[in-house]
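Chemist: The following block contains the structure, expressed as structure tokens.
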Amino acid sequence: MTSSPTDLTATQTVAAGTGDTAEAPVAQAAGALRAGAGGTWQALRRDAGAMLGLGYIVLISLVAVLAPVLTAISGWNPYEFDQSAIDPNLGGMPIGPWGGMGAEHWLGVEPGSGRDIFARIVYGARVSMSIALSATLLTTVLGVSLGLVAGYFGGRVDLVVSRVMDFLMAFPALIFMIAVLSALPASNRSALLVVVISVFGWPYLARIVRGQTMSLAQREFVEAARAAGASGTRIVFREILPNLRSTIIVMATLAVPGYIGTEAGLSFLGVGVVPPAPSWGQMIAASVKWYAVDPAYFLVPGTFLFLLVLSFTVLGDRLRAVVDAQEGR
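In UniProt numbering, the protein residues as written are 1 to 329.
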């Protein structure tokens, strides 16, 4: 977001000698942000791809929240076996076309076990969304805080934070995640996934925030706040942070699909969510040996995962384009 109105107000306030110099830039910036948010939403509403992506994200979010209600309506929970839905003479193949899809099991059943795929999909959505959103929240808090501190204060603080960022970004993250998760106990695996993903995720946002903070720290409205006696912490969080809001939102939106894919990949490799807890990546891994005889078992979770990652990616990309266009005016 541009800061010209804020700069002008701050400069005029200093010249007039008023006592609320540090407050004026924040008030003006808040008004500019509200106007920018309205323009961003109007631009996204005219973009069919962004609206389709947002619609699917909202749908999956509702499915995740209402998972207990939906499974109660379907009549099956994700851990319940239905031996009558599989044929033991055919190695546990589902009875009926497309993996046993029908009125009894809306998306069919798992080969060999007879568990309801719809129930495992909706609970798998809850797992994927909760892990991805929690990791995004933790990553954003760490990345923004450390990026702001490093970019504004500089010196040894910037040196330490930058070296940690370089180390984590150069480290083979996936290999380390697999090694750590394999060595740790299976209890609280979802929380461990959030922590491990966040440890390797925050430097990417922190690097961008650091660079923009260094640029904003030289602007007139920051100089005006310093002249008014505002503390460094107040300047960072009340003057600079509001001007980074659009960047943070875009980066967070683009981070979610990566974390969804990371969770699915780790579960696929057997070090993510622990069975019998449902996970889309885990379902895809289990379907590999069945895809030739029961392709529906692979296609259903694969399609849900693909569309969710695509929706977040498209929405984040369109949001970035809109924000870039507004800031370029």
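Ideal Cβ positions, reconstructed from N, Cα and C, are used throughout, including at glycine. Small disclaimer: the values here were computed from a predicted structure and weren't measured.
Indicate the three-state DSSP secondary structure (helix, strand or coil) for I57 in the structure shown.
Modeler: Walking along the sequence shown from the start, residue 57 turns up at place 57. Residue state, collapsed to three classes: helix.
Chemist: Look at V69 and P278 and say whether their C-beta atoms are less than 8 Å apart.
Modeler: Residue mapping note: residue 69 aligns to position 69 of the sequence shown, counting from 1. Residue mapping note: residue 278 aligns to position 278 of the sequence shown, counting from 1. It is not a contact, given that the beta carbons lie outside the stated cut-off.
Chemist: Would you please state the rounded distance, in angstroms, between the beta carbons of T40 and V322? I believe it to be under 8 Å.
Modeler: Numbered from its first residue, the sequence shown carries residue 40 at position 40. Numbered from its first residue, the sequence shown carries residue 322 at position 322. Indeed, because the Cβ distance is near 5 Å, the residues count as touching under 8 Å.
Chemist: Grab me the residues of Q12's own chain with a C-beta within less than 8 Å of its C-beta, minus the 5 sequence neighbours each way, in chain order.
Modeler: Translated into positions along the sequence shown, residue 12 becomes position 12. Since pLDDT at Q12 reaches only 40, below the 50 mark, its modelled position is unreliable, and the value read off the structure follows with that caveat. If we look at Q12 and ignore the five residues flanking it on each side, it has no Cβ neighbours.
Chemist: Which of the three DSSP states is assigned to L315 in this structure?
Modeler: Numbered from 1 along the sequence shown, position 315 holds the residue referred to as residue 315. It is helical.
Chemist: Would you call the segment 181-191 and the segment 232-248 touching, i.e. three or more CB-CB distances under 8 Å?
Modeler: Counting Cβ pairs under 8 Å, fewer than three are found: no touch.
Chemist: Going by beta-carbon coordinates alone, are A119 and G100 separated by less than 8 Å?
Modeler: Your numbering for residue 119 matches position 119 in the sequence shown. Your numbering for residue 100 matches position 100 in the sequence shown. It is not a contact, given that the beta carbons lie outside the stated cut-off.
Chemist: Cβ of G124 within 8 Å of Cβ of W290?
Modeler: Here residue 124 refers to the residue found at position 124 of the sequence shown. Here residue 290 refers to the residue found at position 290 of the sequence shown. No, they are not a contact pair.
Chemist: Determine the closest residue to A206 out of I60, I175, L241, with distance taken between C-alpha atoms.
Modeler: Translated into positions along the sequence shown, residue 206 becomes position 206. Nearest option by C-alpha distance: L241.
Chemist: Leaving aside the five residues before and after L193 along the sequence, list all residues of the same chain whose C-beta is less than 8 Å from its C-beta, in chain order.
Modeler: Numbered from 1 along the sequence shown, position 193 holds the residue referred to as residue 193. Excluding sequence neighbours, L193 sits near I131, A135, L181, E263, L266, G272, V273.
Chemist: Using C-beta distances below 7 Å, list every residue in its chain close to T253, excluding the 5 sequence neighbours before and after it, in chain order.
Modeler: Taking the first residue of the sequence shown as position 1, residue 253 is located at position 253. So the qualifying residues of the chain are F312, L315, G316, L319.
Chemist: Quick check: what's the CA-CA separation for A325 versus T213?
Modeler: Residue mapping note: residue 325 aligns to position 325 of the sequence shown, counting from 1. Residue mapping note: residue 213 aligns to position 213 of the sequence shown, counting from 1. Roughly 20 Å separates the two Cα atoms.
Chemist: Spatial neighbours of residue 409 within its chain, please: C-beta separation below 8 Å, excluding the five flanking residues on both sides.
Modeler: Lying before the first or after the last residue shown, residue 409 is absent from the chain, which here runs from 1 to 329.
Chemist: Which of the three DSSP states, helix, strand or coil, is assigned to P172?
Modeler: Sequence index remark: in the sequence shown, residue 172 carries index 172 (1-based). Here P172 sits in coil by DSSP.
Chemist: Grab me the residues of L310's own chain with a C-beta within less than 6 Å of its C-beta, minus the 5 sequence neighbours each way, in chain order.
Modeler: On the sequence shown, residue 310 is found 310 positions in, with the first residue counted as 1. Taken in chain order, the list of residues that qualify is empty.
Chemist: Take L197 as the anchor and find which of M169, A64, Q218 has the nearest alpha-carbon.
Modeler: To locate residue 197, count along the sequence shown from 1; it is residue 197. The sequence given here places Ile at residue 197; Leu does not occur at that position. Of the candidates M169, A64, Q218, the one whose C-alpha sits nearest the C-alpha of I197 is M169.
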